[in-house]
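S.K.:
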Amino acid sequence: MALLHEVVQNHAPTLPELQAEAKGIGTGFVPLVDGRTAAVTEEDILGQFEVVRGEIVAHRYKPNPTYRLLTDNGPLQLPPPLEEAVLKAVHDKLLAPIL
89 MALLHEVVQN HAPTLPELQA EAKGIGTGFV PLVDGRTAAV TEEDILGQFE
139 VVRGEIVAHR YKPNPTYRLL TDNGPLQLPP PLEEAVLKAV HDKLLAPIL
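For the sequence shown, the residue numbers in the numbering used here are 89 to 187.
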């Protein structure tokens, strides 16, 4: 889970849909929601970013400890750019030499 949240923190702020939501909020928090269902529950929220004056503050990402990779609604579903970043991170981690 730590790798997933690291990738989310580093890449999700570049997502246009998240940026648009942040601009609409102005100041507060914007959640990153798993796309597997329209009926969002707490276990479908990966985490949230703080928003200040319409801008996402990436280093203020807070992972949701109750998020689940797999629910009755299916497995994790991320926006394609974020999914690609997660897959690359997993690939790189698996190929990294063991120290």
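A virtual CB, placed ideally from N, CA and C, is assigned to each residue, including glycine.
1. Going by Cα to Cα distance, which pick from A173, R124, T154, D180 is closest to L164?
2. Evaluate contact between the segment 103-110 and the segment 129-144, counting only Cβ atoms and requiring at least three cross-stretch pairs below 8 Å.
3. G112 by DSSP, collapsed to three states: which one?
4. In this structure, how does DSSP classify A126 when only helix, strand and coil are distinguished?
5. How far does the beta strand (DSSP E) with L134 in it reach, from first residue to last?
6. State buried or exposed for A100, treating a residue as buried only when at least 16 other CB atoms are found within 10 Å of its CB.
M.R.: According to the structure data:
1. Here residue 164 is taken as the residue at index 76 of the sequence shown, counted from 1. The closest CA to that of L164, considering only A173, R124, T154, D180, is found on R124.
2. yes
3. Within the sequence shown, the letter at position 24 stands for residue 112. Looking at G112 - three-state DSSP - the assignment turns out to be helix.
4. As a position in the sequence shown, residue 126 is number 38, starting the count at 1. Looking at A126 - three-state DSSP - the assignment turns out to be coil, as it is neither helix nor strand.
5. Numbered from 1 along the sequence shown, position 46 holds the residue referred to as residue 134. Where L134 is concerned, the enclosing beta strand (DSSP E) stretches over 133-140.
6. In the sequence shown, the residue the question calls residue 100 occupies position 12. Its Cβ being crowded by 16 or more others within 10 Å, A100 is buried.
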